[in-house]
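Protein chains in written order, with the working numbering: chain D, 6 to 213; chain B, 6 to 213.
Number of protein chains: 2
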Amino acid sequence: MGPKAREALIVEEATNFFAEQGFEGKTRDLSKRLGVTQPLLYRYFPSKESLIERVYQDVYVKRWDPEWGGLITDRSRPLADRLIAFYKAYAGAIYDFVWVRIFLYSGLKGVDINDRYLAIVKDKVLLPVCAELRHESGLPSPDTLPIGAEELELAWSLHGMFFYRAVRHFAYGLPIAENTDQAIENDVRLFLAGAPVVHRGIIERAST
Amino acid sequence: MGPKAREALIVEEATNFFAEQGFEGKTRDLSKRLGVTQPLLYRYFPSKESLIERVYQDVYVKRWDPEWGGLITDRSRPLADRLIAFYKAYAGAIYDFVWVRIFLYSGLKGVDINDRYLAIVKDKVLLPVCAELRHESGLPSPDTLPIGAEELELAWSLHGMFFYRAVRHFAYGLPIAENTDQAIENDVRLFLAGAPVVHRGIIERAST
DNA sequence: ATTTTTATTTATCGTTTGATAATTAAATCG
DNA sequence: CGATTTAATTATCAAACGATAAATAAAAAT
């Protein structure tokens, strides 16, 4: 087998393997699943750690499409439509066994790529959601009045509804509603109906 | 040191240790933290697995107070008050480094005690929340019309807002709003304002 | 076809790891 | 106090693990 194909095969199977077993999974078990001998792994990667690092790259890079950011901020459409469109698209990448578990395992381990990813989520999702929510309610823009911690927590609530569904399914193995698109739509509508009720209070508390 | 005190000390430190490192943490590292030698652990526990089992018991048992169930169903108080009271009390046990991480690690591992705990959450929290929500909106009681999967998903949304806050903090190491009581109150008020907007549609879809 | 390169395997090393056996130190008890 | 039990340590085992070296098989090149 050609080196490129073999390497790709190793990374792919290692991703599934570590998603299942965690990063303490043994190289011998991985090689068995690949149908090759364990030392062969070390011809393609100098160490187990370097293979794990490669898995991180492979997994994380594929899970953020720069297009998504624009979906939220495009004020030519109703906010509900935008958020539903974004979270449905996002679910296409995120509602996935490998992603959820690698993300949780690396998060628990405290890996830096996790922080970097969450910084993107904050910048491209949470803060924009807060900004749009303010705009809808006729509240001051973030340029005038910065978004505070409690307000950010509000956007995290929507994100929590959305992502915890995946945790329940792929980490705990619980069943979830068959129609996840419908569930996402419910999340967004619930959020947009409920958030304005608490938003003003949050801003008032922040400005004292 | 007396055997009872020593055993309690081992379990306590093992709990912290496994919460940090995961269950692949080495017995030698644990013993080092306890200030004892590694073989001593095997005088108190026949195997590492049995110590882990003991940690499960210790951790999980302390995290569900039977009193909590009653908080949700007591119709002498407004539903908002009840849910706020419940989730604040629950947070006292759940917003905790050890709990969140042991829960996630054991969930990822697929340990059965996790399923048993989640069954309690479903019975004592999620289904009652759906029932109370129906009562508030003048919808049929669960005795008449069983609670469906999409409807349960609605209660999970509130739970997700609540629990994902803990995951963010204790698993990812992200900062959260200082006043968690206020954040919980916001979650509940957002939920109670938003849920009725989608609830009827969910039930209609279920009955077709 | 023979040589050279490269992919893969076999064999093995040095540590680490969970666990046990033998020994020492410290209580406990008559 | 001395005898006996018990807590804890030292020493060590066998298996597992990440990693390396040497050998083989399969392509590629001349």
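Built from N, CA and C at the ideal position, the CB exists for glycine as well. Values in this document were obtained by computation on a predicted structure and should not be read as measured data.
- Boundaries of the alpha helix (DSSP H) harbouring B/Ser-55: 53-66, taken from the DSSP string.
- In the DSSP assignment, B/His-140 falls within the unbroken alpha helix (DSSP H) covering 132-142.
- For B/Trp-73, the uninterrupted alpha helix (DSSP H) segment begins and ends at 72-78.
- The beta carbon of B/Arg-170 is closer than 7 angstroms to those of Ile-181 and Ala-188 in its chain, skipping five residues each way along the sequence.
- Between D/Asn-21 and D/Val-103, the alpha-carbon positions lie close to 6 angstroms from each other.
- Burial state of B/Pro-8 is exposed, judged by a 10 Å Cβ sphere holding fewer than 16 other Cβ atoms.
- The continuous alpha helix (DSSP H) containing D/Asp-192 extends over residues 185-211.
- Taken through DSSP and simplified to helix, strand or coil, D/Arg-173 comes out as helix.
- Annotation: Cβ neighbours of B/Ser-162 in chain D (cutoff 7 angstroms, chain order): Met-166, Asp-192 and Leu-195.
- At the C-beta level, D/Arg-80 and D/Leu-144 stay beyond 9 angstroms of one another.
- For a cut-off of 8 angstroms, the C-beta gap from B/Met-166 to D/Gly-165 is around 5 angstroms, short enough to register as a contact.
- About 4 angstroms separates the Cβ atoms of B/Phe-91 and B/Leu-76, confirming a contact at the 8 angstroms cut-off.
- At a cut-off of 9 angstroms between beta-carbon atoms, D/Gly-97 makes no contact with chain B.
- Collapsing the DSSP output to three states places B/Tyr-100 in coil.
- Annotated as proximal: B/Val-60 and B/Ala-19, with beta-carbon spacing under 9 angstroms.
- The C-beta separation of B/Ser-55 from D/Asp-192 comes to about 42 angstroms, leaving the pair out of contact by the 8 angstroms criterion.
- Separation of D/Gly-40 and D/Asp-34 (C-alpha to C-alpha, rounded to the nearest whole angstrom) is 10 angstroms.
- Residue contact with chain D for B/Val-16: absent (no Cβ-Cβ distance below 9 angstroms to any residue of chain D).
- About 5 angstroms separates the CB atoms of B/Ile-107 and B/Val-64; that is less than 8 angstroms, so the two are in contact.
- Counting along the chain, the unbroken alpha helix (DSSP H) around B/Val-16 starts and ends at 8-26.
- Assigned with DSSP and collapsed to three states, D/Ile-118 falls in helix.
- With contacts defined by Cβ atoms closer than 9 angstroms, B/Arg-87 and B/Tyr-122 do not form a contacting pair.
- Counting only Cβ-Cβ distances below 8 angstroms, B/Ile-207 has contacts in chain D at Asn-191, in chain order.
- When CB distances to chain B are screened at a threshold of 7 angstroms, the residues of the region 113-147 of chain D falling below it are Leu-113, Gly-115, Asn-119 and Leu-123, in chain order.
- DSSP, reduced to helix, strand and coil, places B/Ala-154 within a helical segment of the structure shown.
- Using beta-carbon distances, B/Glu-54 does not count as an interface residue toward chain D, since no partner is under 9 angstroms.
- Contact between D/Glu-29 and B/Glu-29 is confirmed by a C-beta separation of about 4 angstroms, below the 8 angstroms threshold.
- Considering only B/Lys-31, B/Ala-136, B/Ser-142 and B/Ile-15, the residue with the shortest C-alpha distance to B/Thr-78 is B/Ala-136.
- With a contact defined as Cβ atoms closer than 8 angstroms, B/Arg-194 and D/Val-202 qualify at about 6 angstroms.
- In this structure, the CA atom of D/Val-130 is about 50 angstroms from the CA atom of B/Thr-42.
- Under the Cβ criterion of 9 angstroms, D/Glu-158 is counted among the residues facing chain B.
- Within chain D, Asn-191, Arg-194 and Leu-195 have C-beta atoms less than 7 angstroms from the C-beta of B/Val-203, given in sequence order.
- Shown here is that no member of the region 47-73 of chain B has a Cβ falling below 8 angstroms from a Cβ of chain D.
- By the 16-neighbour rule on beta-carbons within 10 angstroms, B/Ala-124 is exposed.
- Contact of B/Val-172 with chain D is assigned, a C-beta pair being separated by under 9 angstroms.
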